[in-house]
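Comments concern the structure below.
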Amino acid sequence: MSYVVLARKYRPRTFEQMVGQDHVVRALTHALEQGRLHHAYLFTGTRGIGKTTVSRILAKSLNCTGTDGQGGITAQPCGQCTACTEIDGDRFIDYIELDAASNRSIDEIRDLIERAAYKPSVGRYKVFMIDEAHQLTKDAFNALLKTLEEPPEYLKFVLATTDPEKMLPTVLSRCLQFNLRPMAPETVAAHLQQVLGAEGIPFDAGSLRLLSRGARGSMRDALSLTDQAIAYGAGTLEESAVRAMLGTVDRSHANRIVESLARRDAAAMLAEVNALRGLGLSAAGTLEEVARLLQQMAVEQALPGSLDAGDSDTEAARTLASLMAADETQLLYSIAVHGRAELSLAPDEYAGLVMVLLRFMAFPANEGGGSGGGGGSAPPAARQPEGPRAAASAPAASPVTAARPAAAPVAAPVASAPVA
Numbered sequence: 015m016s017y018v019v020l021a022r023k024y025r026p027r028t029f030e031q032m033v034g035q036d037h038v039v040r041a042l043t044h045a046l047e048q049g050r051l052h053h054a055y056l057f058t059g060t061r062g063i064g065k066t067t068v069s070r071i072l073a074k075s076l077n078c079t080g081t082d083g084q085g086g087i088t089a090q091p092c093g094q095c096t097a098c099t100e101i102d103g104d105r106f107i108d109y110i111e112l113d114a115a116s117n118r119s120i121d122e123i124r125d126l127i128e129r130a131a132y133k134p135s136v137g138r139y140k141v142f143m144i145d146e147a148h149q150l151t152k153d154a155f156n157a158l159l160k161t162l163e164e165p166p167e168y169l170k171f172v173l174a175t176t177d178p179e180k181m182l183p184t185v186l187s188r189c190l191q192f193n194l195r196p197m198a199p200e201t202v203a204a205h206l207q208q209v210l211g212a213e214g215i216p217f218d219a220g221s222l223r224l225l226s227r228g229a230r231g232s233m234r235d236a237l238s239l240t241d242q243a244i245a246y247g248a249g250t251l252e253e254s255a256v257r258a259m260l261g262t263v264d265r266s267h268a269n270r271i272v273e274s275l276a277r278r279d280a281a282a283m284l285a286e287v288n289a290l291r292g293l294g295l296s297a298a299g300t301l302e303e304v305a306r307l308l309q310q311m312a313v314e315q316a317l318p319g320s321l322d323a324g325d326s327d328t329e330a331a332r333t334l335a336s337l338m339a340a341d342e343t344q345l346l347y348s349i350a351v352h353g354r355a356e357l358s359l360a361p362d363e364y365a366g367l368v369m370v371l372l373r374f375m376a377f378p379a380n381e382g383g384g385s386g387g388g389g390g391s392a393p394p395a396a397r398q399p400e401g402p403r404a405a406a407s408a409p410a411a412s413p414v415t416a417a418r419p420a421a422a423p424v425a426a427p428v429a430s431a432p433v434a
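If you're matching positions, the sequence shown starts at 15 in this note's numbering and goes up one per residue.
Put into structure tokens, the structure is as follows:
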């Protein structure tokens, strides 16, 4: 039997197996249980977060007949009846998926409308799923409007898109819209841990952390990266191997860069950039890791002790947070985030990286340095000598006293005005 990739092998088959989309699952489950079914659904969100999967589970829920063949609409499809198995196998005749990216013209939509006139062949409902619906032409959308608004009672529409802003408002108003959210790295890592445990693949916590961050909220991307990492590591996931595969910049480089900037040590900063160049590590990835470190530092400065103690990067972030004032941390974070857009304009990316980092050094350092949530103010020890300031304030009174006689000439012309 041929190998099945993890993203397909562990694709959810029921609402209970869906990860990170509880708000959508809850709404659809209640609608199915109460029989309050809309005629058109629109699922929006970035790639790989479950739009097509939810559509298929919904189609199974509408057409499931149960293990005894006598079941009705349910929020828990059995997964064993003809409708469930054929929808899972992409061969159910009454469930039609249309890829609007390659079938976007009015001709394809007219064909779909013609098929809508016929009742389901074997199922309880026909379900038309239009993926990447925003790619349909304006004429295709307009041709679909009437059927989308008043479909036959046996027909349900499901539209999915990564860019709802490109869809016509008249289409959006006819659909019940659900926004599927990108998943938190912790959610992705927890699911990957379950998958790897089921597969019997050894792994460490660092490799899961890198994979979950690299997925950027997409579970499908996370599983695809995991497949790649398993092949790269010969059946084992180790942090060093996963980092090399992803080309991720090690946190130690970001730590040394931020420390050199905090100490205004240009030589150390340039040496670290040259080391990155020698290793062939991405300048954009470096700034991304620097920004991630600065975010942790800012949190530590605002709320000491709130960082995750189980994270291996926390201790270094706490140490560096004590070397830089809070306002400097915010400034460097802004420079790092916006500097990524400038790298493509530089003579080469490493020259661009150097200029971005030197920009921070161009700002004068706060006297006293230090950290904390004081917005960059000097520590108390640096503000103790107040005596000289009080002494210096005494001469300041003499100019005020000297200016008082000048008030008389001002009053004199006013008094002499009637004489004139």
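We put the beta carbon where it would ideally sit given N, CA and C, even for glycine.
Classification of residue i by the beta-carbon crowding that lies within 10 angstroms, buried from 16 upward
i      : result
Ile123 : buried
His52  : exposed
Thr161 : buried
Ile107 : exposed
Glu253 : buried
Leu159 : exposed
Ala248 : exposed
Lys140 : buried
Arg50  : exposed
Asn288 : exposed
Val19  : exposed
Thr184 : exposed
Val202 : buried
Pro402 : Residue placement at Pro402 cannot be trusted, given a pLDDT of 46 that sits under 50; what the coordinates show is reported in the next sentence. The residue in question, Pro402, is exposed, as its Cβ has fewer than 16 Cβ neighbours within 10 Å.
Gly353 : buried
Tyr109 : buried
Leu42  : buried
Ala350 : buried
Which of helix, strand or coil DSSP assigns to residue i
i      : result
Thr28  : coil
Glu111 : strand
Phe217 : coil
Lys440 : No information on residue 440 is available, as it lies outside the stretch 15 to 434 that the chain covers here.
Leu345 : helix
Ala143 : The question names Ala, yet the displayed sequence has Met at residue 143. Strand.
Gln310 : helix
Thr60  : coil
Thr88  : coil
Thr67  : helix
Asn117 : coil
Ala396 : Because Ala396 sits at a pLDDT of 38, beneath the cut-off of 50, its placement in the model cannot be relied upon, and the point is left open.
Ala198 : coil
Tyr132 : coil
Leu321 : coil
Asn193 : strand
Ala212 : helix
Ala376 : coil
Thr175 : strand
Ala54  : strand
Cys95  : coil
Proximity below 8 angstroms, CB of residue i to CB of residue j
i      : j      : result
Thr343 : Ala312 : yes
Tyr55  : Val172 : yes
Gly62  : Arg227 : no
Leu1   : Tyr347 : Any property of residue 1 remains undetermined from this structure, which presents the chain solely from 15 to 434.
Glu314 : Arg265 : no
Leu267 : Leu290 : Per the sequence shown, the amino acid found at residue 267 is His instead of Leu. Yes.
Asn77  : Arg138 : yes
Leu317 : Gln310 : no
Leu345 : Glu273 : no
Gln90  : Thr28  : yes
Met330 : Asn380 : Position check: residue 330 holds Ala in this sequence, whereas Met was assumed. Contact flag unset, no.
Leu150 : Ala174 : no
Gly292 : Val263 : no
Cβ-Cβ separation, residue j to residue i (assumed contact under 8 angstroms), whole Å
i      : j      : result
Ile127 : Ala154 : Not a contact, Cβ separation roughly 10 angstroms.
Val256 : Leu206 : Not confirmed; about 11 angstroms, so no contact.
Ala130 : Pro178 : With a Cβ gap of about 23 angstroms, Ala130 and Pro178 do not count as contacting.
Gln176 : Gly59  : Note that residue 176 is Thr in the sequence shown here, rather than Gln. Confirmed, about 7 angstroms.
Lys65  : Cys98  : Contact flag wrong, Cβ pair sits at about 20 angstroms.
Ala236 : Ala229 : 4 angstroms
Phe142 : Val38  : At roughly 19 angstroms, the Cβ-Cβ gap does not stay under 8 angstroms, so Phe142 and Val38 are not in contact.
Leu334 : Ala276 : 7 angstroms
Between the CA atoms of residue j and residue i - distance to the nearest angstrom
i      : j      : result
Leu190 : Cys92  : 26 angstroms
Ala297 : Asp279 : 19 angstroms
Glu213 : Ile87  : 34 angstroms
Pro216 : Leu371 : 39 angstroms
Ser221 : Leu284 : 29 angstroms
Gly231 : Leu169 : 33 angstroms
Val136 : Leu295 : 56 angstroms
Ile144 : Asp362 : 43 angstroms
Gln48  : Leu210 : 37 angstroms
Gly366 : Asp125 : 53 angstroms
Asp82  : Pro199 : 41 angstroms
Tyr24  : Ala147 : 26 angstroms
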